[in-house]
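Asker: The sequence shown begins at 0 in numbering that gives the first Met the number 0 and counts up by one.
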Amino acid sequence: MARPKRLKLAVWKFASCDGCQLSLLDCEDELLALAERVQIAKFLEATRTEIQGPYDLSIVEGSITTAQDAERILQVRRRSKKLITIGACATAGGIQALRNFKNVPEFVAAVYARPEYISTLSTSTAIADHVPVDFELRGCPINKRQLLEVIGALINGRAPATRAHSVCIECKRRGTVCVMVAKQNACLGPITHDGCGAICPAYGRGCYGCYGPSETVNATSLEGAWLAAGASKADLHRVLRTFNANAGEFRAAAEMLDEDD
0 MARPKRLKLA VWKFASCDGC QLSLLDCEDE LLALAERVQI AKFLEATRTE
50 IQGPYDLSIV EGSITTAQDA ERILQVRRRS KKLITIGACA TAGGIQALRN
100 FKNVPEFVAA VYARPEYIST LSTSTAIADH VPVDFELRGC PINKRQLLEV
150 IGALINGRAP ATRAHSVCIE CKRRGTVCVM VAKQNACLGP ITHDGCGAIC
200 PAYGRGCYGC YGPSETVNAT SLEGAWLAAG ASKADLHRVL RTFNANAGEF
250 RAAAEMLDED D
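1) My guess is that Gly205 and Val178 are in contact by the Cβ rule of under 8 Å, so how many angstroms apart are they, rounded?
2) State the start and end residues of the unbroken beta strand (DSSP E) segment that holds Phe134.
3) Return the chain-ordered ranges of every beta strand (DSSP E) run that is complete within the segment 102-161 and spans a minimum of 3 residues.
4) Starting from the Cα of Ser22, find the closest Cα among Gly223, Arg47, Lys7, Val59 and give me that residue.
5) Taking the alpha-carbon positions, what's the Arg173 to Gln183 distance?
6) Which of the three DSSP states, helix, strand or coil, is assigned to Ser222?
7) Suppose you measure from the CA of Phe13 to the CA of Asn217; what does that come to, to the nearest Å?
8) Give me whichever residues DSSP pairs with Ser57 in a beta bridge.
9) Can you give me the C-alpha to C-alpha distance between Arg5 and Ala89, rounded to a whole angstrom?
10) Thinking C-alpha only, which one of Ala152, Gln51, Phe106, Pro159 is nearest Val75?
11) The beta strand (DSSP E) that contains Ala280, what's its start and end?
12) DSSP three-state call for Glu27: helix, strand or coil?
13) Could you tell me whether the Cβ atoms of Cys209 and Pro189 are closer together than 8 Å?
14) What's the C-alpha gap between Val130 and Val180?
15) State the Cα-Cα distance for the pair Met255 and Ile39, rounded to the nearest angstrom.
16) Between the alpha carbons of Ile83 and Ala108, how many angstroms are there, rounded?
17) Between which two residues does the alpha helix (DSSP H) carrying Val238 extend?
18) Would Ala278 and Ala185 be called neighbours here (beta carbons separated by less than 8 Å)?
19) Whole angstroms is fine: what's the gap from Leu24's alpha carbon to Ser57's?
20) Rounded to the nearest angstrom, what separates Asp193 and Glu169 at their Cα positions?
21) Taking only three categories from DSSP, how would you classify Ile63?
22) Identify, in the order they occur along the chain, each residue of the same chain with its Cβ nearer than 6 Å to the Cβ of Asp68, setting aside the five sequence neighbours on each side.
23) Taking all protein chains shown into account, decide if Ser121 is buried (16 or more other Cβ within 10 angstroms of its Cβ) or exposed.
24) Got a sec, what are the start and stop residues for the alpha helix (DSSP H) Ala96 sits in?
25) Over what stretch of residues does the alpha helix (DSSP H) that includes Ile198 continue unbroken?
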């Protein structure tokens with residue numbers, strides 16, 4: 000019996016730290032099983048081998064921060080039957096999207112001795128702001144098992160079975176006492192998408208929103224809970240402007256706090 004044809008997989012990097020690509024490499028044994036169904040045609044983090052497209056599936060890490068990358072992502076989309084984005088950079092612009100709220104020429108002049116050599120956009124934006132995306136997987140970095148589920152689902156023509164809960168649900172599942180209630184720690188857990196396993200609350204710290212906004216965000220209610228826990232509006236504004244600063248709900252919540260000042 001003939002083996003089924005393997006699908007061509009390409010992994011692409013844009014503005015990012017490579018952490019989400021490393022999450023894929025960290026799958027180790029699972030990659031061996033995946034290799035029976037998928038041919039890694041392009042993945043510079045793992046191999047110099049490059050097989051020309053078109054590709055059945057492209058995985059994209061990183062945000063768009065230059066005019067060259069804005070053009071390159073169009074080429075990637077044209078060569079890909081399916082495209083998924085992984086990580087906070089690709090799905091929301093990443094930590095580098097803090098530039099979206101400041102004066103980029105001032106930053107460039109402060110950092111580089113010859114700023115005239117620097118060619119960059121004034122914004123850092125998600126891949127979905129430039130091309131159609133078939134699935135977004137959030138996280139900073141992503142959960143490797145969620146990534147395997149998404150790849151497996153697309154290979155088999157079904158919808159990915161990833162949860163859409165908040166971090167609070169993960170705390171309940173692992174038996175972690177609520178840090179806001181018990182310790183009066185400021186925490187973004189109630190409005191943050193799950194996937195990390197509630198690592199920070201498990202160590203007595205509030206959630207920093209690494210996985211971006213959950214499906215239902217009530218920032219006004221969270222603000223009241225933060226103030227009751229002894230935190231300030233400035234504290235809430237600071238954590239909203241981190242890994243997912245440009246994610247719609249987080250950005251809107253931060254701008255609402257700006258209007259209150």
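Here a beta-carbon is modelled for each residue, glycine too, at the ideal position from N, C-alpha and C.
What you are looking at is a predicted structure, and each value in this text was computed from that prediction instead of being measured.
Answerer: This is what the structure holds:
1) 6 Å
2) 134-136
3) 134-136
4) Val59
5) 20 Å
6) Just to set this straight, residue 222 is Glu in the shown sequence, not Ser. Reduced to three states, the DSSP call for Glu222 is helix.
7) 32 Å
8) Ala9, Leu82
9) 26 Å
10) Gln51
11) Any question about residue 280 goes unanswered here, given that the chain covers just 0 to 260.
12) coil
13) no
14) 42 Å
15) 45 Å
16) 35 Å
17) 232-239
18) In the structure as shown, the chain begins at 0 and stops at 260. Residue 278 is therefore absent and cannot be evaluated.
19) 16 Å
20) 7 Å
21) strand
22) Phe13
23) exposed
24) Taken as a continuous stretch (DSSP letters only), Ala96 belongs to no alpha helix (DSSP H), as it is neither H nor E.
25) 198-201
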